[in-house]
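Colleague: UniProt numbering puts the first residue of the sequence shown at 1, with every later residue one more than the last.
The structure is given below, and queries will be raised subsequently.
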Amino acid sequence: MAETAFLDTAEGRRIAYHKTEGTGPTVVFLGGLKSDMEGTKAIHLEAWAKARGQAFLRFDYSGHGESSGQFEEGCIGDWHEDTLAAVGALTTGQIVPVGSSMGGWQALLLARALPERIAGLVTIAAAPDFTEDGYWANFSDEQKADLERLGRVELPSDYMEPYIVTKRMVENGRENLVLRSELALPFPVRCLQGTADTAVSTETALRLMDHATCDDMRLTLVKDADHRFSDPTCLALIEQAVEDVLDG
1 MAETAFLDTA
11 EGRRIAYHKT
21 EGTGPTVVFL
31 GGLKSDMEGT
41 KAIHLEAWAK
51 ARGQAFLRFD
61 YSGHGESSGQ
71 FEEGCIGDWH
81 EDTLAAVGAL
91 TTGQIVPVGS
101 SMGGWQALLL
111 ARALPERIAG
121 LVTIAAAPDF
131 TEDGYWANFS
141 DEQKADLERL
151 GRVELPSDYM
161 EPYIVTKRMV
171 ENGRENLVLR
181 SELALPFPVR
191 CLQGTADTAV
201 STETALRLMD
211 HATCDDMRLT
221 LVKDADHRFS
231 DPTCLALIEQ
241 AVEDVLDG
């Protein structure tokens, strides 16, 4: 297996990545919150890209996986900067972001920042604006007070160990919301969502569909699929979605 390479960013972070050379557009996998580039979906897509001869990039945001930093110190804006740095330094020409969960939010931020470079976009259980609509909107008065007083709240998860939500993450999230203002996606978009997902609801997927301006946007709902979306059937659907925007 190829050794991990590292990119030093202008913000002083060290981003771990694996890049597969091939024909463009480059497929860029954007992982979820507290996930990393060694996850099932990222590794599966890399193997698919190699077999197809497609350029592919996977990387770890700061505070994730092999990259520098601590998770609790990061926020949506930091990980957007990491994404811009990785795409800017490690790819050329057109790209197809594939964003999973929080990576779906990152893919939308990337599309807003670099629309001219996006050939198509795929989301998997995308979680745009989750710091506001998932965290803040559901915090109790006590949790909101703790966030203000202590600067952090600890939350349980169905999919990982409990994690820390910081005041900075919530406040920075508000500066990067994508469902409150125009969201133009002038390229093919394919959205995948499981109906048994307890982290991101089908309502979120439908809200994104309704909000975005896009001439070629499709949502596939998969009955009983959960947030991991990584069984063989789901992985095949991801391949299909990426091929659809690449070949269509």
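Quick reminder that beta carbons are idealized off the backbone N, C-alpha and C, glycines included.
Treat the numbers as computed from the prediction; the structure is a model and nothing was measured.
Straight-line CA distance for ASN176 to GLY77?
Modeller: Distance between the alpha carbons of ASN176 and GLY77 is about 7 Å.
Colleague: Taking the CB atoms as reference points, tell me whether LEU57 and LEU108 lie closer together than 7 Å.
Modeller: Taking 7 Å as the Cβ cut-off, LEU57 and LEU108 do not qualify as a contacting pair.
Colleague: Pairs of beta-carbons, one from the region 163-173 and one from the region 79-97, closer than 8 Å: are there three or more?
Modeller: Flag = no, the region 163-173 and the region 79-97 do not touch.
Colleague: With H, G and I counted as helix, E and B as strand and the rest as coil, what does DSSP make of ASP141?
Modeller: Residue state, collapsed to three classes: helix.
Colleague: Give me the Cβ distance between residue 252 and ALA42, rounded to the nearest whole Å; I'm assuming they're in contact under 8 Å.
Modeller: Nothing about residue 252 can be reported from this structure: the residues present for the chain run from 1 to 248 only.
Colleague: I'd like to check one pair, VAL153 with GLU120: are the Cβ atoms closer than 7 Å?
Modeller: It should be pointed out that residue 120 corresponds to Gly in this sequence rather than to Glu. No.
Colleague: Report yes or no: do the region 139-156 and the region 203-212 share at least 3 C-beta pairs separated by less than 8 Å?
Modeller: Counting Cβ pairs under 8 Å, fewer than three are found: no touch.
Colleague: Is it right to say ARG13 is buried, meaning 16 or more other beta carbons lie within 10 angstroms of its own, or is it exposed?
Modeller: By the neighbour-count rule (16 or more Cβ atoms within 10 Å), ARG13 is buried.
Colleague: Where are the alpha helix (DSSP H) runs, 4 residues long or more, that stay fully inside the region 182-213, in chain order?
Modeller: As far as the region 182-213 is concerned, its whole alpha helix (DSSP H) runs of at least 4 residues are 202-211.
Colleague: Take SER230 and list the residues in its own chain whose beta-carbon comes closer than 8 Å to its own, dropping the five residues that flank it on each side.
Modeller: Result list for SER230: GLY39, THR40, LYS41, HIS44, in chain order.
Colleague: So, does the region 170-187 touch the region 100-118, judging by three or more C-beta pairs under 8 Å?
Modeller: Yes: at least three Cβ pairs fall under 8 Å.
Colleague: So what does DSSP say about TYR61, is it helix, strand or coil?
Modeller: Coil at TYR61, not helix or strand.
Colleague: Answer yes or no: do GLY104 and ALA127 have a C-beta to C-beta separation smaller than 7 Å?
Modeller: Against a cut-off of 7 Å, the Cβ pair of ALA127 and GLY104 comes out as a contact.
Colleague: DSSP puts THR217 in a beta bridge; with which residues?
Modeller: Note that residue 217 is Met in the sequence shown, not Thr. Beta-bridge pairing links MET217 to VAL189.
Colleague: Is GLU46 buried or exposed, if buried means 16 or more other CB atoms sit within 10 Å of its CB?
Modeller: GLU46 is buried by the Cβ-count criterion.
Colleague: Spatial neighbours of GLY6 within its chain, please: CB distance less than 6 Å, with the 5 preceding and 5 following residues excluded, ordered by chain position.
Modeller: Position check: residue 6 holds Phe in this sequence, whereas Gly was assumed. So the list reads ARG14, ALA16, once near-sequence residues are dropped.
Colleague: Measure the CB-CB distance between LEU179 and ASP129 and report whether it falls below 7 Å.
Modeller: A contact, by the Cβ cut-off of 7 Å.
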